[in-house]
Amino acid sequence: MLNKRIDHLKYIFVHVDGLQLANLLRFLGYWDSFGYDKPTKYASRVRMEIVHRIDPDPTEDGFYVQFSYDDELVKFPWCDSSKNCPIDKFIEYAAERIILDYEYVDDFCKGSQGTNYLELDAPQ
Numbered sequence: 002m003l004n005k006r007i008d009h010l011k012y013i014f015v016h017v018d019g020l021q022l023a024n025l026l027r028f029l030g031y032w033d034s035f036g037y038d039k040p041t042k043y044a045s046r047v048r049m050e051i052v053h054r055i056d057p058d059p060t061e062d063g064f065y066v067q068f069s070y071d072d073e074l075v076k077f078p079w080c081d082s083s084k085n086c087p088i089d090k091f092i093e094y095a096a097e098r099i100i101l102d103y104e105y106v107d108d109f110c111k112g113s114q115g116t117n118y119l120e121l122d123a124p125q
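Going letter by letter, the sequence shown gives residues 2 to 125 in the working numbering.
Take a look at the structure:
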């Protein structure tokens, strides 16, 4: 036998509408990287897969993430890997763009952060 290890498939399905999907693609840098030639159509889909690779070369072992948009594999420029993107690279990319200052988010949602949203103070 090649491998006696038992894999436990874990699957999470999240359904969102086209606007939320377009914003997810914007967050991932899709539009900046590939342009606007492929708009989000009705029933478009983005799939994020987390893969645990066990490679003969131990430097390649680990968790990787890959994205597909309407069943086409997408390689984002923020991930310089020619193979699947190491999950640490994705976490680093996301952490630089997600606002983790909960007080700032709360003030923003209440409208007390300011009235000119183009000139807001940057979150901490």
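All C-beta atoms, glycine included, are put in the ideal place defined by N, C-alpha and C.
| query | result |
| --- | --- |
| Helix or strand or just coil, what does DSSP make of Leu-74? | strand |
| Roughly how many angstroms separate the alpha carbons of Asp-38 and Thr-60, rounded to a whole number? | 37 Å |
| Report buried or exposed for Phe-91, applying the criterion of at least 16 other Cβ atoms within 10 angstroms of its Cβ. | buried |
| What span of residues does the beta strand (DSSP E) with Val-52 cover, start to end? | 47-54 |
| When you compare only the Cα positions, how much space is there between Pro-40 and Leu-25? | 13 Å |
| Given Tyr-94, which residues of its chain have a CB within under 6 Å of its CB, disregarding the five upstream and five downstream residues? | Trp-79 |
| Could you check which residue in Glu-97, Lys-76, Ile-99, Arg-98 has the C-alpha nearest to that of Phe-35? | Lys-76 |
| Ends of the alpha helix (DSSP H) at Asp-81? | First-last for Asp-81: undefined, no H or E at that position. |
| Could you check where the alpha helix (DSSP H) with Val-106 kicks off and where it finishes? | 103-111 |
| Quick one: is Cys-110 buried, meaning 16 or more other Cβ sit within 10 Å of its Cβ, or exposed? | exposed |
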